[in-house]
Structures are given as structure tokens and as C-alpha cells.
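Peer 1: Numbering (UniProt numbering), first residue to last: 1 to 259. I am attaching a structure below and will ask some questions about it afterwards.
As C-alpha cells, this is what we get:
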């Protein structure tokens with residue numbers, strides 16, 4: 001069967017009931033006719049594996065829990081090998097409303113005023129026109145710190161530096177699929193900074209998001225502060241890599257077949 005040009009990647013870890021609800025919402029939206037959908041199961045110990053198989057969706061299962069970033073990169077490698085032109089990634093916890101998918105896909109496939117296509121489209125919670133939910137004080141502190149880091153490193157403003165709702169061109173996910181090009185745990189502000197410094201075109205659009213209905217966030221409690229320190233260290237590595245070592249300088253200006 002011939003692949004569609006769009007692949008929706010959903011990384012998941014112990015989100016059985018949430019993934020069931022999300023897949024049903026995607027079907028109600030008619031996405032099975034417009035895109036291929038891939039579940040990357042990061043060694044869940046709940047009923048995720050059974051639920052996805054019962055609903056007859058393609059699934060890649062990690063042998064052990066390798067982390068959010070590894071799960072995404074597994075999806076990127078799949079997209080590269082299967083020849084997809086676009087990827088939209090969304091979390092399996094149900095926080096990303098499926099109504100965002102057609103909007104992000106349209107942005108990926110439309111030229112801007114300069115005749116350019118975006119490489120990455122970020123679905124943002126904190127823009128005018130977005131629909132969001134309250135977040136804890138530790139998370140608000142982390143978001144503010146990441147916004148500041150992005151502004152200091154690139155001179156550009158990003159309103160939602162930790163969004164997992166993203167659309168990627170083939171050029172972007174081809175770059176991410178390669179060894180040492182993607183953070184294996186927390187690919188957030190660090191990856192935005194990397195891609196901006198490498199001259200990939202990134203745009204933000206308002207997104208609709210909801211509070212999770214079930215399960216526990218990987219950034220609950222005081223974990224956001226450890227997460228912030230880890231991402232800050234990763235940002236320093238990115239800056240050293242791009243600014244000092246000049247690795248992959250301006251690779252974002254190349255065409256996908258030269259990445």
C-alpha cells in the first residue's frame with residue numbers, strides 16, 4: 001500500500017486510556033484517510049500495546065523505556081525510510097487537540113510572503129488565539145527561563161518553548177533522524193535553539209490544548225527544575241557545537257536531498 005505524504009507520530013508511555021481516546025478522536029476527524037498514524041510505544045507496562053493492536057494501527061515498540069526523545073527519533077527514522085514528506089508529532093496524553101493537525105499541515109505546505117516553506121511549525125499554547133489550561137508555578141518558571149535562553153541565543157522570541165505539538169518538513173525530520181542530532185530525553189528549547197542557529201525556518205501558530213484527563217505527567221512535582229538544568233546544559237552543548245566547532249553550519253539552508 002502506498003504511503004500518504006503525512007505521517008502523524010505519537011510517542012507514548014503508559015497512556016493506555018489516553019491513547020485510546022486520542023485514536024478515536026483522530027478517526028472522528030477523518031485523519032485515517034488523510035495521513036498515516038504511527039504509535040511509538042516506549043516500553044509501556046499498561047494496556048497500550050493491546051489497545052493499539054486492537055485498533056489496527058502501526059506501532060513500533062522500544063525494547064525498554066528509552067525516553068521521550070528516543071521515541072520521537074524512532075518515529076523520524078521510520079518516516080525517512082518510508083519516504084514521508086511531512087511529520088506531525090503529538091503527545092499521547094491527549095493534551096494536544098486533534099483539531100490542530102489540519103492547521104499545522106496547511107502551514108507546512110503553504111509558502112510565506114517570500115515564497116519559502118517552513119521547516120518546523122510549533123503549536124503554541126501562549127499565543128493570542130490559543131486555548132490553554134493552567135500550569136503549575138514550577139512549570140511557569142521553567143517556561144520563562146527557556147524563553148529567555150532562546151532570546152539570548154538566537155535573538156528571536158518563542159512563546160511556547162516546550163511544545164510537543166510540532167509539524168516538520170522532510171528536511172527537518174531527516175536532520176533529526178541522524179545520530180547525535182536530537183536530544184534523547186528532553187528535546188525542547190535546546191532543539192529550537194539548534195535549529196534556529198542552523199538556519200531552519202521555524203514558525204509558531206496558536207494551538208488548542210487541554211489538561212490531561214488521566215495519568216501522570218513526566219514533569220510533575222519538582223521534576224521541572226531538574227529538567228530545566230538538563231536542558232540548560234544541553235543548550236550549552238548546542239552553542240559550543242554550532243558557534244565554536246561550526247558543526248553543520250547553516251545546514252538549514254540546504255535542500256532535503258543534501259542533508
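Using N, Cα and C, we set each Cβ at its ideal position, and we do this for glycine too.
Would you mind sorting residue 28 into buried or exposed? The rule is 16 or more other CB atoms within 10 Å of its CB.
Peer 2: Sequence index remark: in the chain shown, residue 28 carries index 28 (1-based). Counting Cβ neighbours within 10 Å, residue 28 comes out exposed, since fewer than 16 surround it.
Peer 1: Exposed or buried, which one is residue 195 when buried takes at least 16 other CB atoms within 10 Å?
Peer 2: Here residue 195 refers to the residue found at position 195 when the chain shown is read from its first residue. It is buried - the Cβ of residue 195 has at least 16 other Cβ atoms within 10 Å.
Peer 1: Rounded to the nearest angstrom, how far is the Cβ of residue 85 from that of residue 2, given a contact under 8 Å?
Peer 2: Numbered from its first residue, the chain shown carries residue 85 at position 85. Numbered from its first residue, the chain shown carries residue 2 at position 2. Their Cβ separation, rounded to whole angstroms, is 13 Å, which puts residue 85 and residue 2 out of contact at 8 Å.
Peer 1: In the DSSP assignment, find the beta strand (DSSP E) that holds residue 90 and state where it starts and stops.
Peer 2: Against the chain shown, residue 90 aligns to sequence position 90. Segment: none, residue 90 is in no beta strand (DSSP E) and carries neither H nor E.
Peer 1: Check the DSSP bridge columns for residue 118 and list the partner residues they point to.
Peer 2: Counting from 1 along the chain shown, the entry for residue 118 is found at position 118. In the DSSP output, where bridge partners are listed per residue, residue 118 has none listed.
Peer 1: Beta-carbon within less than 6 Å of residue 203's beta-carbon, same chain only, minus the 5 sequence neighbours each way: which residues are those?
Peer 2: If you number the chain shown from 1, residue 203 lands on position 203. Closer than 6 Å at the Cβ level, and outside the excluded window around residue 203, lie 118, 121.
Peer 1: Do residue 132 and residue 162 come within 7 Å of each other at the CB atom, strictly closer than that value?
Peer 2: Counting from 1 along the chain shown, the entry for residue 162 is found at position 162. Counting from 1 along the chain shown, the entry for residue 132 is found at position 132. In terms of Cβ geometry, residue 162 and residue 132 do not form a close pair [threshold 7 Å].
Peer 1: Give me, in chain order, the residues of the same chain whose beta-carbon lies closer than 6 Å to that of residue 26; leave out the 5 immediate sequence neighbours on both sides.
Peer 2: Taking the chain shown and counting its residues from 1, the one referred to as residue 26 is at position 26. Same-chain partners within the cutoff: 98.
Peer 1: Please list, in chain order, all residues of the same chain as residue 182 whose beta carbon is under 8 Å from its beta carbon, the five residues on each side excluded.
Peer 2: Locating residue 182 in the chain shown gives position 182, where the first residue counts as 1. 69, 72, 73, 76, 176, 191.
Peer 1: Is residue 141 near residue 150, with beta carbons less than 7 Å apart?
Peer 2: On the chain shown, position 141 is the one that residue 141 refers to. On the chain shown, position 150 is the one that residue 150 refers to. Not closer than 7 Å, so no.
Peer 1: Looking at the unbroken alpha helix (DSSP H) that takes in residue 100, where does it start and where does it end?
Peer 2: In the chain shown, residue 100 corresponds to position 100, counting from 1. Its alpha helix (DSSP H) spans residues 100-108.
Peer 1: Please tell me whether residue 92 and residue 19 are closer than 7 Å, where the distance is taken between their beta carbons.
Peer 2: Here residue 92 refers to the residue found at position 92 when the chain shown is read from its first residue. Here residue 19 refers to the residue found at position 19 when the chain shown is read from its first residue. Cβ atoms of residue 92 and residue 19: closer than 7 Å.
Peer 1: Which residues share a DSSP beta bridge with residue 124?
Peer 2: Here residue 124 refers to the residue found at position 124 of the chain shown. Beta-bridge analysis with DSSP links residue 124 to 206.
Peer 1: For the alpha helix (DSSP H) that contains residue 254, what are its first and last residues?
Peer 2: In the chain shown, residue 254 corresponds to position 254, counting from 1. Per DSSP, residue 254 belongs to no alpha helix (DSSP H) and is neither H nor E.
Peer 1: Measuring CA to CA, which of 143, 179, 96, 153 is closest to residue 165?
Peer 2: On the chain shown, residue 165 is found 165 positions in, with the first residue counted as 1. Looking at the Cα atoms, 96 is the closest of the given residues.
Peer 1: Under the assumption that residue 48 contacts residue 16 (Cβ atoms under 8 Å), give the Cβ distance between them as a whole number of angstroms.
Peer 2: Numbered from its first residue, the chain shown carries residue 48 at position 48. Numbered from its first residue, the chain shown carries residue 16 at position 16. Taking the Cβ atoms as the reference, residue 48 lies roughly 5 Å from residue 16, within the contact range of under 8 Å.
Peer 1: Cutting at 7 Å between CB atoms, please list the residues of its own chain near residue 240, excluding the five before and the five after it.
Peer 2: As a first step, residue 240 is located in the chain shown; it is residue number 240 there, counting from the start. The same chain holds no residue with a CB closer than 7 Å to that of residue 240 once the five nearest residues on each side in sequence are set aside.
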